[in-house]
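Asks:
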Amino acid sequence: MANANMNCWPLIVIGGSSERSQETMGAFQEFPQVEACRLYSKFSARPSSIETIPSIIEKAVRSSIYGRPGACYVDIPADFVNLQVNVNSVRYMECCMPPPVSMAETSAICMAATVIRNAKKPLLIIGKGAAYARAEEGIRKLVERCKLPFLPTPMGKGVIPDNHPNCVAAARSRALQFADVIVLFGARLNWILHFGLPPRYQPDVKFIQVDICAEELGNNVKPAVTLLGDINAVTKQLLEQFDKTPWQYPPESSWWKTLREKMKSNEAASKELASQKSLPMNYYTVFYHVQEQLPRDCFVVSEGANTMDIGRTVLQNYLPRHRLDAGTFGTMGVGLGFAIAAALLAKARNTGQRVICVEGDSAFGFSGMEVETICRYNLPIILLVVNNNGIYQGFDVDSWKEMLKFGDATTVAPPVCLLPNSHYEQVMTAFGGKGYFVQTPEELQKSLRESLADTTAPSLINIMIEPQATRKAQDFHWLTRSKV
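In structure tokens form, the structure reads like this:
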């Protein structure tokens, strides 16, 4: 629930609790669930009677999707299960109306358009709020009509395809550091965007915040303009404003030149790492070969440390709402559950879309036994476990054996190290799926090709990489080093 609430996703949890007559007596698993859930939900309640259940459920549904989406909890006491009720006394409720669509003030729209027109180094940041609002058509029109550079947040990827010429994700640090006007479409100035503060940003950068939540406006940085409303509706307002007075940012400006040069430099550095022939492979080599074969319409689920961070920069998204990861709360263990949900959606739609779940080996450990669920329902998910024998970094087999000469593993092994060359693929084969243990680019290509060709069964590809592999050097030194 906390994860959903932090990511602003609608979620309704219905939980059972001990019988009301046993409260304060030490009942089985007695706990103040309603009160506890209030800490990480928009609405938390227990119906006072069976008759009131429909009204409480209606409010939970409405609360979860109205305004900023979030989690809601409904508590059902155990004694409700066996109670009888007169059907005529039940207060039935119709489903709530779709969320109301609000728009920004006209004066604020005019002010925002003026600030954008006067920008020397503009930048649009597309957050997952824009994806949730289904604002992809309007935002793409705005980007293309005004020739503006844009940067997606991790789950904002795909609102506009990553391969769009105006996407400057490959120059992310440079774009953030030197932009003088930044328009935030459903993106919050939290840790993911470095709070909007120097040295990651110019001290005098002007932010234009587009958000459905009034309380979010002005967090950490005072914005130049606030556009409160539905992101899709507000985007249309901006388009109408630029229709009245057409304007384009010069595509040959020094700002565009700076961004393109940095993109070219970073892409060259990544390609150099990806082309290395040494074994074990590094992250970039792995993701380069994965990207070569990924279907354009696939769902990408990812969690881990370097696996998620580096994978995000290489694996492309072309469609909105097709990437799920650890999110704002940085929650590990959600990956396989997300993959299962995405696979069930693809199955219900009968689109044939594939789900690619990219896991670090430590992240896989949090929910790896969900492989049984995947096999039980025969969901053709492709799990990629990028295995470096640890959290951020581990040891190879020889180094591990050498270390154990100095004592028992419990006393000499760093807590972030995992058992070298663990055969995670055997978890999949144990439940009837297909497992691959790969150590070379050729083995990776072959196993991924076979997995994509098989649309009837799940597979797990255990990809061994250099235990000390890490990211390419970053503009800011603290982005290169481990967060451990």
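Number 76 in the UniProt record's numbering belongs to position 76 of the sequence shown; there are no gaps in the numbering. Where is the CB? At the ideal position from N, CA and C, for every residue including glycine.
My assumption, with CB atoms under 8 Å, is that C37 sits in contact with M1. Please give the rounded CB distance.
Replies: 6 Å
Asks: Which residue marks the beginning of the beta strand (DSSP E) containing R323, and which one marks its end?
Replies: R323 to D325
Asks: Leaving out five residues on either side along the sequence, give the residues of the same chain with a beta carbon under 8 Å from the beta carbon of A214.
Replies: L228
Asks: What separation, rounded to the nearest whole angstrom, lies between the Cα atoms of F299 and G390?
Replies: 26 Å
Asks: Do V386 and Y284 have their C-beta atoms closer together than 8 Å?
Replies: Going by C-beta atoms, V386 is not nearer than 8 Å to Y284.
Asks: Helix, strand or coil for G304 per DSSP?
Replies: coil
Asks: Pick helix, strand or coil for P77, following the three-state DSSP scheme.
Replies: strand
Asks: Secondary structure at E466, three-state DSSP: helix, strand or coil?
Replies: Coil.
Asks: When DSSP labels each residue in this structure, what does M369 get in the three-state scheme?
Replies: helix
Asks: Does the stretch 145–152 come close enough to the stretch 247–266 to have 3 or more Cβ pairs within less than 8 Å?
Replies: yes
Asks: Please report how far the alpha carbon of I231 lies from the alpha carbon of F395, in whole angstroms.
Replies: 47 Å
Asks: Could you check what DSSP says for V183 in three-state terms: helix, strand or coil?
Replies: strand
Asks: Restricting to runs no shorter than 4 residues, where is the alpha helix (DSSP H) found entirely within the stretch 4–67?
Replies: 33–37 and 53–65
Asks: Helix, strand or coil for F150, going by three-state DSSP, please let me know.
Replies: Shown here, F150 sits in a strand according to DSSP, grouped into three states.
Asks: Quick one, which of I125, Q445, D297 and G368 has its alpha-carbon nearest M281's?
Replies: Q445
Asks: In terms of alpha-carbon separation, which member of R376, I126, S44 and A342 lies closest to I192?
Replies: I126
Asks: Which first and last residues belong to the alpha helix (DSSP H) in which residue 496 is found?
Replies: Residue 496 is absent from the structure shown; the chain starts at 1 and stops at 484.
Asks: Using CA coordinates, which residue listed in V143, I139, L384 and Q426 is at the minimum distance from I461?
Replies: Looking at the Cα atoms, L384 is the closest of the given residues.
Asks: Can you list, in chain order, the residues of its chain with a C-beta nearer than 7 Å to that of N190? Leave out the 5 residues immediately preceding and following it.
Replies: Taken in chain order, the residues that qualify are T328.
Asks: Quick one: grab the DSSP three-state call for F287.
Replies: Reduced to three states, the DSSP call for F287 is helix.
Asks: Among the candidates C96, W400, E303 and L239, whose CA atom is the shortest distance from the CA of D325?
Replies: E303
Asks: Could you work out which residue in P467, R172, A108 and Y201 is closest to S265 when comparing CA atoms only?
Replies: R172
Asks: Is it true that the CB of A342 sits closer than 8 Å to the CB of V301?
Replies: yes
Asks: Which two residues bound the contiguous beta strand (DSSP E) that contains V225?
Replies: Note, V225: beta strand (DSSP E), V225 to L228.
Asks: What does a CB cutoff of less than 7 Å around H289 pick up in its chain, not counting 5 residues either side in sequence?
Replies: P441, L444 and Q445
Asks: How far does the beta strand (DSSP E) with Q209 in it extend, from its first residue to its last?
Replies: K206 to D211
Asks: State the Cα-Cα distance for the pair H164 and T52, rounded to the nearest angstrom.
Replies: 51 Å
Asks: Measuring straight from C-alpha to C-alpha, what distance separates I139 and G365?
Replies: Roughly 38 Å separates the two Cα atoms.
Asks: Among the residues of its own chain, which have a CB less than 7 Å from the CB of C110, if the five just before and after it don't count?
Replies: Sequence-distant Cβ neighbours of C110 in its own chain, meaning closer than 7 Å and more than five residues away, are Q241.
Asks: For R20, does the count of other Cβ atoms within 10 angstroms reach 16, so buried, or fall short, so exposed?
Replies: exposed
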